[in-house]
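Enquirer: Remember, the numbering used here sits 17 above the position in the sequence shown when you count from 1.
Every residue, glycine too, gets a C-beta built ideally from N, C-alpha and C.
All values derive from a computational prediction rather than experimental measurement.
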Amino acid sequence: MFRLEEFNFHNKTVFLRVDLNSPMKDGKIISDARFRAVLPTIEFLVENGAKVVIGTHQGKPYSDDYSTTEEHARILSGLLNQHVEYVEDIFGKYARDKIRSMKPGEVIILENLRFSAEEVKNKPIEECEKTFFVRKLSEVIDYVVNDAFAAAHRSQPSLVGFARIKPMIMGFLMEKEIEALMKAYYSKEEPKVYVLGGAKVDDSLKVAENVLKKGRADIILTGGLVANVFTLAKGFDLGKKNIEFMKKKGLLEHVKHAEKILDEFYPYIRTPADFAVDYEGERVEVDLLSERRELLNNYQIMDIGSRTVEKYREIIMKAKVVVANGPMGVFEREEFAFGTVEVFKAIAESNAFSVLGGGHSIASIQKYGIEGISHVSTGGGAMLTFFAGEELPVIKALQISYEKFKEVVR
Ligand code: 3PG
């Protein structure tokens, strides 16, 4: 794949695809983690005299976090200490004229790429390159730099469409992410522990299945809704209230898949021995084998319990490699952050090479000041897709671009 240092960017126009899709509250961005992660690439391009045209998505149409990129421009300007102009257009005449008038070292950000209908669907490269987005923008750019690791599991025009039309180069973040994930996945050191939490149950099941089948994991610790599904699949009762909640979220349909994985790998998949429920606003712990489990009929599971935390900690401290994705509970509420914070702290304190990802996980380590994790990934879905052993369309596109242009640009 092409690397940034191999090119002379002076006076060249670069379309830089990043993933600045960030959590929002009351219409305001509440974490700048993904902005900071791509700064080295932007600074490198600016210092080397490129005209930098940034593109990102933010949310999905009709979702609460779907917005313009005006605030993104403001945050970037602050972090870069340089004005980043917000251009209220994507590939129309206004955007193209603006790009043509840029000077070396200038940076602009286009409107939310998902405001264009073409960007919302996943299509193969051949289809993506026929879009007006790719055709029109190609007229005014020389190179494409892709640093959107967190969107690497999407096959959309801005992410893969230029691969055969312009040299597409990996950004520094993309390079760092791929390197860390490969190191964890292919490491020969043992034991390798995977900690799977959060709400992305379907993807997490695929990861568990893949890493156990390929012998890339020795043990899987579960938390969040992933744990609920495996606990049910093991034959435990999670109570009326919790089962209803899972049904509403469409999670019961994954129980069969979890059972299938357990048929083959039961001893290697650990589920919580106790949970914490929301007992009228208070944290109350419930042991799955005690009389108290009756509480699960009426109160919602919000976290793993302290006995589970202790057991998980012991396993993590002996690990040589830890891969973690998603929180152990509803960490946004102080009283239910315990499981997530303690498990993540154990990962940080262990001597293992550790990779932790998922938008919410990053937010929790930022909030609780947890330091010492070897690599904090900006990717949630992208990271899970990687560990599920599936191809990432953006990496494939970077390879295709390299094969197509390697003779021309060298
Ligand atoms: C993410 O946050 O996982 C990425 O930005 C991808 O977003 P998407 O799931 O809306 O494609």
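#1: Going along the chain, which residues of its own chain have a beta-carbon closer than 6 Å to the beta-carbon of residue 363, five neighbours each way excluded?
#2: DSSP puts residue 102 in a beta bridge; with which residues?
#3: Whose CB is closer than 6 Å to a heavy atom of the ligand 3PG? List the residues in chain order.
#4: Rounded to a whole number of angstroms, what is the C-alpha to C-alpha distance between residue 401 and residue 214?
#5: Here's the rule: buried if 16 or more other CB atoms are within 10 angstroms of the residue's CB, otherwise exposed. What is residue 393?
#6: Report the option in 292, 80, 125 and 47 whose CA atom is closest to the CA atom of residue 63.
#7: In this structure, how does DSSP classify residue 53 when only helix, strand and coil are distinguished?
#8: Within 10 Å of its beta-carbon, does residue 199 have 16 or more other beta-carbons around it, so buried, or fewer, so exposed?
#9: So, is residue 28 buried or exposed, given that buried needs 16 or more other C-beta atoms within 10 angstroms?
#10: Contact check, residue 128 vs residue 86 under 8 Å by CB: the rounded distance?
#11: Between which residues of its own chain and residue 103 is the CB-CB distance below 7 Å, once the five residues before and five after are set aside?
#12: Within 10 angstroms of its Cβ, does residue 377 collect 16 or more other Cβ (buried), or is it exposed?
#13: Using DSSP's beta-bridge definition, name the partner residues of residue 19.
#14: Nearest-angstrom Cα distance between residue 41 and residue 425?
#15: Am I right that residue 395 and residue 50 are in contact with their C-beta atoms under 8 Å? What's the rounded C-beta distance?
#16: Are residue 257 and residue 342 closer than 7 Å when you measure CB to CB?
#17: Is the distance from the Cβ of residue 285 to the Cβ of residue 321 below 7 Å?
#18: Let's test the definition: count the other Cβ atoms within 10 Å of the Cβ of residue 81 and tell me whether it reaches 16, buried, or not, exposed.
#19: Can you check which of these residues, 228, 223 and 231, is closest to residue 243 by C-alpha distance?
#20: Would you identify the three-state DSSP class for residue 34, choosing helix, strand or coil?
#21: Which residue from 145, 140 and 150 puts its Cα closest to that of residue 133?
#22: Can you tell me the Cα-Cα spacing of residue 184 and residue 23, whole angstroms?
#23: What do you reckon, are the CB atoms on residue 197 and residue 411 nearer than 7 Å?
#24: With C-beta atoms as the reference, is residue 72 less than 7 Å away from residue 122?
#25: Count the other C-beta atoms from every protein chain shown that fall within 10 angstroms of the C-beta of residue 368, then say buried if there are 16 or more, exposed otherwise.
#26: In terms of residues, what are the limits of the alpha helix (DSSP H) holding residue 334?
#27: Out of 382, 324, 177 and 203, which one is the CA nearest neighbour of residue 409?
#28: What does DSSP give as the partner residue(s) for residue 236 in the beta ladder?
#29: Any idea which residues DSSP pairs residue 46 with across the strands?
#30: First and last residue of the alpha helix (DSSP H) that includes residue 484?
#31: Going by C-alpha to C-alpha distance, which of 232, 233, 216 and 230 sits closest to residue 247?
#32: Any chance you could list the alpha helix (DSSP H) runs of at least 4 consecutive residues sitting entirely within the segment 105–173, in chain order?
#33: Using the Cβ count rule (16 or more neighbours within 10 Å means buried), how would you classify residue 43?
#34: Return the chain-ordered list of same chain residues with a C-beta closer than 8 Å to the C-beta of residue 390, the five sequence neighbours on each side being excluded.
#35: Just to confirm my understanding: we take residue 375, look at its own chain, exclude 5 residues before and 5 after, and list those with CB closer than 6 Å. What are they?
#36: Return yes when the Cβ of residue 290 is within less than 7 Å of the Cβ of residue 239, no when it is not.
Expert: Let me spell this out:
#1: Sequence-distant Cβ neighbours of residue 363 in its own chain, meaning closer than 6 Å and more than five residues away, are 330 and 333.
#2: DSSP output for residue 102 lists 125 as bridge partner(s).
#3: Qualifying residues, in the order they occur: 36, 38, 77, 167, 168, 171, 376, 397 and 398.
#4: C-alpha separation (whole angstroms): 11 Å.
#5: So residue 393 counts as buried.
#6: If we check each option's Cα against that of residue 63, 125 comes out closest.
#7: Looking at residue 53 - three-state DSSP - the assignment turns out to be helix.
#8: Answer is exposed; the Cβ neighbour count stays below 16.
#9: Here residue 28 is exposed: its Cβ has fewer than 16 other Cβ atoms, across all protein chains shown, within 10 Å.
#10: So it is a contact: roughly 6 Å between Cβ atoms.
#11: Once the five neighbours on either side are set aside, the close Cβ partners of residue 103 are 86, 87, 90 and 126.
#12: Buried: at least 16 other Cβ atoms inside 10 Å.
#13: Among the bridge pairs identified by DSSP, residue 19 is matched with 186.
#14: Across the structure, residue 41 and residue 425 are spaced so that their CA atoms are roughly 43 Å apart.
#15: About 7 Å; that satisfies the 8 Å criterion.
#16: In terms of Cβ geometry, residue 257 and residue 342 do not form a close pair [threshold 7 Å].
#17: Between residue 285 and residue 321, the C-beta gap is not smaller than 7 Å, which leaves the two residues out of contact.
#18: Burial call: exposed.
#19: Of 228, 223 and 231, the residue nearest in Cα terms is 223.
#20: Three-state result, residue 34: strand.
#21: Selected option, being the one with the closest Cα: 150.
#22: Roughly 12 Å between the two C-alpha positions.
#23: No.
#24: No, Cβ-Cβ distance for residue 72 and residue 122 is not below 7 Å.
#25: Classification of residue 368: exposed, given that the 10 Å Cβ count is below 16.
#26: For residue 334, the uninterrupted alpha helix (DSSP H) run begins and ends at 323–334, by DSSP.
#27: Nearest of 382, 324, 177 and 203 to residue 409, Cα basis: 177.
#28: DSSP lists 210 as the beta-bridge partner residues of residue 236.
#29: Beta-bridge pairing by DSSP links residue 46 to 41.
#30: Nothing can be reported for residue 484, as the shown portion of the chain is limited to 18 through 427.
#31: With distances taken between Cα atoms, residue 247 lies closest to 216.
#32: Runs of the alpha helix (DSSP H) inside the segment 105–173: 110–117, 142–145 and 149–155.
#33: Residue 43 is exposed by the Cβ-count criterion.
#34: Excluding positions up to five away in sequence, the list reads 361, 364, 365, 371, 372, 373 and 382.
#35: Closer than 6 Å at Cβ, skipping near neighbours: 215, 342, 343 and 397.
#36: At least 7 Å separates the beta-carbon of residue 239 from that of residue 290.
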